[in-house]
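Take any residue in the sequence shown, note its place counting from 1, add 442, and you have its number in the working numbering.
Every residue gets a Cβ at the ideal spot worked out from N, C-alpha and C, and that includes glycine.
Treat the numbers as computed from the prediction; the structure is a model and nothing was measured.
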Amino acid sequence: MLGSLVWALGLTLLLEEGFALLWGVRGKRDLGLVALVNCITNPLVNVLYRLGRLWGWPRGPVVLALEIGAVAAEWLCYRRTENAVRYPMLFSLCANAFSFCCGLVLQILVF
443 MLGSLVWALG LTLLLEEGFA LLWGVRGKRD LGLVALVNCI TNPLVNVLYR
493 LGRLWGWPRG PVVLALEIGA VAAEWLCYRR TENAVRYPML FSLCANAFSF
543 CCGLVLQILV F
């Protein structure tokens, strides 16, 4: 399980840091913030997802709730830091949607 958490975090960092660069996020501090926020939310989302599946919770609602929670948590972090990310809610939503969709495509192609 630890290996899959590391893989998911690594992929998320790669995708969302790339997305941040395309969004116009610059500077070590601001890109570091994007990485730090994802290092907090990604493992938490993945662990809670796995627990939800173990407890028999339906997949769709669990994923939706966790992704909404991740977007909200990341938005709050970006909003609190001055000038780190323009349009923090939109950035959080788009970055998470991008990495989520890329992850789905990779799952389909690999598994």
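CA-to-CA distance, residue j to residue i, given in whole angstroms
i, j, result
"L486", "R468", "26 Å"
"L451", "R471", "19 Å"
"G502", "Y529", "28 Å"
"M443", "R495", "14 Å"
"L473", "L455", "10 Å"
"P500", "T483", "21 Å"
"L464", "T523", "19 Å"
Buried versus exposed call for residue i [16 or more other C-beta atoms within 10 Å across all chains shown]
i, result
"V476", "buried"
"A526", "buried"
"V513", "buried"
"F553", "exposed"
"S541", "buried"
"L457", "buried"
"A539", "exposed"
C-beta neighbour in chain C for residue i, strict 8 Å
i, result
"S534", "Chain labels in this structure do not include chain C; a single protein chain is all it has."
6 Å CB neighbourhood of residue i in its chain, flanking five on each side removed
i, result
"V479", "E516, C519"
Neighbourhood of residue i by C-beta distance below 7 Å, restricted to the same chain and skipping five residues each side
i, result
"S534", "V513, E516, W517, Y520"
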